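Number of protein chains: 2
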Amino acid sequence: MRRIKIKELFKAEEKPEEALVLGWVRTNRAQAQFGFLTVNDGSSILNLQVVYDDAIANFEEISKFRAGMSVKVIGKIVLTPNAKQPLEMHATEVVMVGDCPIDYPIQPKRHSIEFLRENAHLRARTNMFNAIFRIRSVAAMGIHSYFQSHGYLYVHTPLITCADCEGSNQMFKITTFDLNNIPKTEEGQIDYSKDLFGKQSFITGSGQLQGETFAMAFSDIYTFGPTFRTENSNTKIHANEFWMIEPEMAFCDLEGLMEIEEEMLKYVVKYVLDNAKEEVEFCSQFIEKGLYEKLTKLLDSKFTKITHKEAVDLLLKANQKWEFKPSYEDDIAKEHEKYLLDHFNGPVFITDWPKGIKAWYMKENSDGKTVAAVDLIVPGSGELMGGSQREENLDVLLKKMEENHIDIKTVDWYLDTRKYGGCIHSGFGLGFERLIMYLTGAENIRDVIPYPRTPKNCEY
Amino acid sequence: MRRIKIKELFKAEEKPEEALVLGWVRTNRAQAQFGFLTVNDGSSILNLQVVYDDAIANFEEISKFRAGMSVKVIGKIVLTPNAKQPLEMHATEVVMVGDCPIDYPIQPKRHSIEFLRENAHLRARTNMFNAIFRIRSVAAMGIHSYFQSHGYLYVHTPLITCADCEGSNQMFKITTFDLNNIPKTEEGQIDYSKDLFGKQSFITGSGQLQGETFAMAFSDIYTFGPTFRTENSNTKIHANEFWMIEPEMAFCDLEGLMEIEEEMLKYVVKYVLDNAKEEVEFCSQFIEKGLYEKLTKLLDSKFTKITHKEAVDLLLKANQKWEFKPSYEDDIAKEHEKYLLDHFNGPVFITDWPKGIKAWYMKENSDGKTVAAVDLIVPGSGELMGGSQREENLDVLLKKMEENHIDIKTVDWYLDTRKYGGCIHSGFGLGFERLIMYLTGAENIRDVIPYPRTPKNCEY
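Keeping their order, the protein sequence lines are chains A and B.
Residues in the first sequence are numbered consecutively from 3, following the numbering used here.
Residues in the second sequence are numbered consecutively from 3, following the numbering used here.
This is the structure we're talking about:
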């Protein structure tokens, strides 16, 4: 008999009469003449209830099966329309595949989230992390599905880079040198010519610039890969390694960009609701009450668009005491985001930001004060995406690079996107973990990354 | 009027009467009263032929449009069933969006592949790299589609690692230290406690070990992400940064593994033929003659299975002069692979390798000499995937780790996969670039990576 996955068993229109399931014991409630095993095989958050009785030769042995053991179970599939689960298995055979000693850390009881973080290699075996990492996987597929079905090219921009425009003080240095014995030049400088790439190199914080070069060939492209920051901050929303999606669209202005962001987000939310319904329901029950409703509501909501100036006007007029005074020159604080989201009762695009606080490559508006940038903030999570129209005018761009002390020599290739057949183009960045926190209700980025890397934490 | 992509235009069952296309000029053949522009927008390798004449006000200007310019064209769509392309546009409006000076390196003529490598930021604008990178993108989607539709969990294993089991001499070190001023302990050792993670860290060459921990929770998982090697070798098939797919399946033995490898490869090939047909046809014409037939043939072929011993028997019996003498203790050389592929006229699984040349985590066979490993070799490319059943017996594994000088303390979490509910499980690695070379016929890994990183080469 071929194995069937529990998810398939629950989904099947026509249930098999008999099935073979392989998985891990979650609980075992043994009585004198019979007992109940719940088995999970990771295909879904749903467990299979396996009823066994003393007609089975090794009944005594089964009665002592512990949580965490891997097992093979064979039996009749019986529909149970009045029970919590739609079906159960009446076992004819229950065999231990792999033992699990009594010191197994993941016992069938509530563990603290901190304890589970310290056992990150085992926490995926709990319901909560089973749900979170399934949603992460399904959301990744939703993102690929959206972009590929809309004709975008998936481009693997390089992780190792020598381009220094994001500020190398935020990038990890990489080297093949023995740090105890770094080659020096006669002048006593580090002799990078002896390193593998012949110069100083880093791992990158963004693929945007390389992505733009591909947008000028394929019109619509996206990246989806890991990025790195050396930020030494221990917060709930920062990690030193995280995944990012960076789409870039030629012939697309700020209006077009917002259209794409809204359409993409709704697509991915719908994709997750369609393909990980049970997992979202679990999170809605145990992580963020009302999560399911929040997500379904998003699908029908109209995203509001306001300028940064309008937002500040609104905040200043609000009958509210601010910790940070709203300002036309400054960023929007968390408390401001919250107010705006409540006020508009749904996601908000904030456009046309003061140029002083935004990146050098963003398109300068005709007012000379703002740039064609946009942040999308969403209920519960705040900022989810940040994007902009790019400055396509080479002379303006060169001026801004000079003002920002960008070494033009290291990115001459980037300037060619403006020199040779340039066009209005736009792009945005979506932090994948931020999205997963939004989709699961998880409040700490450490709980949506399989093996998070944060300051002083690089286990596994 | 809304822009339509050229691919959509060619695919549409019902063509629009009129269309607006945005893209880049590939060629311009101007006559006295009319002319032909070919425009590509990157949605496909196919160009749109745009016919313009002196009824258009700026006819003189259009006649001088150069390759590389970005343009907006509007016109009537006219079917041309007898021409090479199925339709063309009779323009009513042709407007330059972005100029392209005369020194544009990508002219409408044949460029050497070396020249294009040196202009990697512009080469995607040529037919060849347009085709290669589209196939790369479509193949990536094919891989995700295969695994997700079969219930696998996509897991983002960490890139930054402190685990040292792959051999840290092959890994890039990463640090936030100022290399001119590395903190030392009182004993004169490097004080890694002052680095961001508090210990020495690397960027990884494999996500397998972390992947296995997730297979023990989700049954079937796969990774798809970048990996790094410091190898200082300048060959056609080595890069220091490349993408890898590493699936790992619980309750799966070597036979099951081969079944999955064969099914997956056929799925991805079919996916690419279905979704990038024109691009494969282009590669078949201009990169590897017969590529299209090679790929369609694969779909119907039965993969051969032989053991390493049987393969060596066959090679020794062959009436052939070998540069490397086939040996029961050694690897299979390129020339041997070629012979076997010719002999069996299709892909070959070679199983049960001498344990001395394979990794420590592979399952030892009962003969005490071989391991349950398998390499898949395919016509034209040689080795495409390498996998094995994993040693699930904790005692045997510990012995092998000791023999291989693996520091058990750094991977105690890995051992828990054997300790707590372990089971027979298997996995394989697929080098994504190797696959793209197979799918496009490209002979040099530098031509299938957007911005390749190889020794002394870290541009862009």
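Virtual Cβ for every residue (Gly too), placed ideally from N, Cα, C.
These figures come from a predicted structure and were not determined experimentally.
Neighbour flag for residue i against chain A, beta carbons, 8 Å
| i | result |
| --- | --- |
| residue 327(B) | no |
| residue 431(B) | no |
| residue 99(B) | yes |
| residue 51(B) | no |
| residue 239(B) | no |
| residue 206(B) | no |
Amino acids of chain A, ordered along the chain, whose beta-carbon sits closer than 7 Å to that of residue i
| i | result |
| --- | --- |
| residue 123(B) | 215, 415, 418 |
| residue 182(B) | 192 |
Proximity test, Cβ basis, 8 Å: residue i and chain B
| i | result |
| --- | --- |
| residue 297(A) | no |
| residue 203(A) | yes |
| residue 175(A) | yes |
| residue 378(A) | no |
| residue 178(A) | yes |
| residue 161(A) | yes |
| residue 93(A) | no |
Chain-ordered neighbours of residue i on chain A, where CB pairs are closer than 9 Å
| i | result |
| --- | --- |
| residue 157(B) | 126, 135, 138, 139, 452 |
| residue 247(B) | Going along chain A, no residue has its Cβ under 9 Å from residue 247(B), so there is no contact; the nearest lies around 13 Å. |
| residue 212(B) | 123, 452, 453, 462 |
| residue 428(B) | The premise fails here: residue 428(B) is roughly 14 Å from chain A at the closest Cβ pair, so nothing lies under 9 Å. |
| residue 187(B) | The premise fails here: residue 187(B) is roughly 12 Å from chain A at the closest Cβ pair, so nothing lies under 9 Å. |
Proximal chain B residues relative to residue i, where beta-carbon distance stays under 7 Å
| i | result |
| --- | --- |
| residue 153(A) | 7, 9, 45 |
| residue 198(A) | 232, 234, 242, 457 |
| residue 219(A) | 44, 126, 127, 132 |
| residue 2(A) | This structure cannot settle anything about residue 2(A), because the visible part of chain A is limited to 3 through 462. |
| residue 106(A) | 422 |
| residue 146(A) | 143, 146 |
| residue 150(A) | 143 |
Reduced DSSP category for residue i - H, G, I as helix; E, B as strand; rest coil
| i | result |
| --- | --- |
| residue 385(A) | strand |
| residue 195(A) | helix |
| residue 67(B) | coil |
| residue 219(A) | helix |
| residue 114(A) | coil |
| residue 119(A) | helix |
| residue 181(A) | coil |
| residue 324(B) | coil |
| residue 146(B) | helix |
| residue 2(A) | Since the first residue of chain A shown is 3 and the last is 462, residue 2(A) is not available in this structure. |
| residue 141(A) | helix |
| residue 409(B) | coil |
| residue 428(B) | strand |
| residue 438(A) | helix |
| residue 278(B) | coil |
| residue 262(B) | helix |
| residue 309(A) | strand |
| residue 98(B) | strand |
Residues sharing a beta bridge with residue i, DSSP
| i | result |
| --- | --- |
| residue 457(A) | In DSSP, residue 457(A) forms no bridge with anything. |
| residue 21(A) | 77(A) |
| residue 92(B) | 53(B), 78(B) |
| residue 228(A) | 245(A) |
| residue 42(A) | 26(A) |
| residue 364(B) | 392(B) |
| residue 128(B) | None, per the DSSP bridge assignment. |
| residue 162(B) | 205(B) |
Contacts that residue i makes with chain B (C-beta to C-beta distance below 9 Å)
| i | result |
| --- | --- |
| residue 70(A) | 422, 423 |
| residue 227(A) | 227, 228, 245 |
| residue 253(A) | 5, 24, 25, 43, 72, 74, 99 |
| residue 14(A) | Those do not exist, as residue 14(A) stays about 13 Å from chain B at its closest Cβ, beyond 9 Å. |
Cβ-heavy atom distance, residue i to the ligand NAD, below 7 Å
| i | result |
| --- | --- |
| residue 317(B) | Absence of the ligand NAD is noted for the structure shown, with no ligands found whatsoever. |
State whether the segment 89 to 105 of chain A contacts the segment 62 to 78 of chain A, with contact taken as three or more CB pairs (one from each stretch) at a distance under 8 Å. yes
Segment contact, 8 Å Cβ cut-off, at least three pairs: the segment 248 to 265 of chain A with the segment 174 to 193 of chain A: no
Across the segment 385 to 398 of chain B and the segment 413 to 432 of chain B, are there enough close Cβ pairs to call them in contact, namely three or more that are closer than 8 Å? yes
Is the segment 394 to 409 of chain B close to the segment 211 to 222 of chain B, with three or more CB pairs under 8 Å? no
Tell me whether the segment 74 to 93 of chain A and the segment 105 to 113 of chain A touch, counting them as touching only if at least three CB pairs, one residue from each stretch, are closer than 8 Å. no
contact_flag[the segment 448 to 457 of chain A, the segment 231 to 246 of chain A] where n(CB pairs < 8 Å) is 3 or more: yes
Count the CB pairs spanning the segment 401 to 414 of chain B and the segment 367 to 380 of chain B that are closer than 8 Å, and state whether there are at least three. no
Inter-stretch contact (C-beta, 8 Å, three-pair minimum) for the segment 171 to 190 of chain A and the segment 139 to 146 of chain B: no
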